[in-house]
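The opening position of the sequence shown corresponds to residue 1 in UniProt numbering, with each subsequent residue numbered one higher. This report concerns only the one structure given below.
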Amino acid sequence: MAKVAVILADGFEEIEALTVVDVLRRANIACHMVGFEAQVTGSHAIQVQADRVFDGELSEYDMIVLPGGMPGSANLRDHELLIAELQKCEQVGKKIAAICAAPIVLNRAGLLKDKEFTCYDGVQEQITDGHYRKETVVIDGQLTTSRGPATALAFAYNLVEQLGGDANGLREAMLYRDVFGLD
């Protein structure tokens, strides 16, 4: 069974982080909230108890997810141990996903070189590598990126698909198709 780490730093975007955690867990995919501290506060003052505290090691996970939000994305970007671990994950072919402003973390780690990506409007101006596309979700190799809070469900369903889960069943059960008429 696939195992996913959603990395939380103070100032994370709650919709993006918790939507991913919720949808992955509904798909019976092991998903841990890994915080820089045991209790992490989102950008809208919602406090979350992490499942574990980040210790610099993510090798047990098949996918690493970076939620956006500010200053959460900047806190992720500026964490040296996380940057080093993301580089290791990329080298061994693990999947890495980032939404909203979090592609700045991928940029800092050097993971966007020659890659296509998307992000929150305007954030692309802070990214020196890669090729920006204004799309809901962009997949390039082992990297998946998405735009922001409004795209969090589409992002999460895409991650479920990549991990072999039943994203179509979830879209139906959660009324996504019925309400939005989208895949």
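All C-beta atoms, glycine included, are put in the ideal place defined by N, C-alpha and C.
8 Å Cβ cutoff met for residue i and residue j
i, j, result
"Gln162", "Thr144", "yes"
"Glu116", "Asp78", "no"
"Pro149", "Val123", "no"
"Thr151", "Lys134", "no"
"Asp62", "Lys94", "yes"
"Ala74", "Val40", "no"
"Leu76", "Val48", "no"
"Ala45", "Gly35", "no"
Local conformation of residue i per DSSP, three classes
i, result
"Cys31", "strand"
"Gly144", "Looking at the sequence itself, residue 144 is Thr, so the reference to Gly does not match. If DSSP states are grouped into helix, strand and coil, Thr144 belongs with the strands."
"Ala98", "strand"
"Thr151", "helix"
"Leu163", "coil"
"Glu13", "coil"
"Val65", "strand"
"Val92", "coil"
"Glu116", "strand"
"Leu175", "coil"
"Thr19", "helix"
"Ile7", "strand"
"Arg133", "coil"
"Ile83", "helix"
"Ile139", "strand"
Neighbourhood of residue i by C-beta distance below 6 Å, restricted to the same chain and skipping five residues each side
i, result
"Val137", "Ser146, Ala154, Phe155 and Asn158"
"Gly165", "Ala27 and Ile29"
"Leu24", "Val4 and Cys31"
"Gly130", "Leu112, Lys115 and Phe117"
"Ala38", "Ala50 and Val53"
Close beta carbons around residue i, own chain, < 7 Å, minus the five adjacent residues each side
i, result
"Cys89", "Leu58, Ile64 and Ile96"
"Gly68", "Glu13, Glu16, Ile99, Cys100, Ala101, Ala102, Tyr120 and Gly148"
"Val21", "Val6, Cys31 and Met33"
"Gly72", "Ala9, Asp10, Gly11, Phe12, Glu13 and Ser43"
"Gly56", "Leu81 and Glu85"
Residue-chain proximity (residue i, chain D), Cβ-Cβ < 8 Å
i, result
"Ile46", "Absent from the structure is chain D; it holds one protein chain and no more."
Proximal residues to residue i (C-beta, below 8 Å), its chain only, five neighbours per side dropped
i, result
"Tyr176", "Leu153, Tyr157, Leu170 and Leu182"
"Thr128", "Asn107"
Expected contact under 8 Å - CB spacing of residue i and residue j to nearest Å
i, j, result
"Phe54", "Leu82", "7 Å"
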